[in-house]
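One structure below.
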Amino acid sequence: MMMFTYSLLASVFFCTGLSVKSIYPCDKHMFLSNVHICSSLFNKSMETSGHHERCTWPAVKRIYNQLKLCVDLWAKKSLCLSRGSLVDDFFQEVHREYFASCGQVQDPPLPTMILLIAPGIIATLFLPLLCIKLTTWNIEMPNTLGL
Ligand SMILES: *[C@@H]1O[C@H](CO)[C@@H](O)[C@H](O)[C@H]1NC(C)=O
Numbered sequence: 333m334m335m336f337t338y339s340l341l342a343s344v345f346f347c348t349g350l351s352v353k354s355i356y357p358c359d360k361h362m363f364l365s366n367v368h369i370c371s372s373l374f375n376k377s378m379e380t381s382g383h384h385e386r387c388t389w390p391a392v393k394r395i396y397n398q399l400k401l402c403v404d405l406w407a408k409k410s411l412c413l414s415r416g417s418l419v420d421d422f423f424q425e426v427h428r429e430y431f432a433s434c435g436q437v438q439d440p441p442l443p444t445m446i447l448l449i450a451p452g453i454i455a456t457l458f459l460p461l462l463c464i465k466l467t468t469w470n471i472e473m474p475n476t477l478g479l
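Once you know that position 11 of the sequence shown is 343 in the numbering used here, the rest is easy, because the numbers rise by one and skip nothing.
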């Protein structure tokens, strides 16, 4: 009888737990207002970082991770974690605002390019010659040794 009561209680809690989740799937207001607090701290720290001029990426990694922890925490608490788009939208906005100068991969200057490419070209041109030299050297070796 005791067992039965326990399992009944457990299933009641389980069901109400589920229904709480489905009645309030994601408290968007709770999420946004708390994320606003997370980001105001982050924004304040970023103001002095000079992100308009240059990419600040590895330097601000620590405060960025704090922002991420804060946002993830509130996504969980407001049951919005499954609504990935909310979190994604937020970080896209942050990246657009603060890491705009990070994404562009620029070609290195011409002398560097030549230095990078030249060994490949030289190897391609001279490898056949080297092969011919090596193979003929093997054939000629007995002659040079006088055998
Ligand atoms: C912080 O900056 C982000 C990106 O521009 C913006 O979406 C957010 O509203 C800002 N937060 C505050 C509190 O100003």
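Just so you know, even glycine gets a beta-carbon here, dropped at the ideal spot from N, CA and C.
For the pair S433 and L461, the Cα-to-Cα distance works out to about 46 Å.
With distances taken between CA atoms, H368 lies nearest to L399 out of L399, M378, W389 and F458.
When distances are taken from the beta-carbon of N375 to the heavy atoms of ligand 1, the shortest one is below 7 Å. With a contact defined as Cβ atoms closer than 8 Å, V403 and F422 qualify at about 6 Å. Proximity to R428 across T456, H361 and W389 peaks at W389, based on C-alpha coordinates.
Here M362 has S410 as same chain residues with Cβ atoms under 6 Å from its own Cβ, once five neighbours each way along the sequence are excluded.
If only uninterrupted alpha helix (DSSP H) runs of at least 4 residues are considered, those enclosed by the stretch 374-412 are 393-409. Taking C-alpha positions only, K360 is separated from W406 by approximately 10 Å. Annotation for F422: the continuous alpha helix (DSSP H) segment containing it runs G416 to Y430.
In this structure, C370 sits away from C412, with a CB-CB distance that is not shorter than 8 Å.
Counting only the Cα atoms, C463 lies some 16 Å from G452.
Close CB contacts of R415 within its chain, under the 7 Å cut and outside five residues either way in sequence, are with C358 (chain order). Rounded to the nearest whole angstrom, the C-alpha separation of M378 and G435 is 18 Å.
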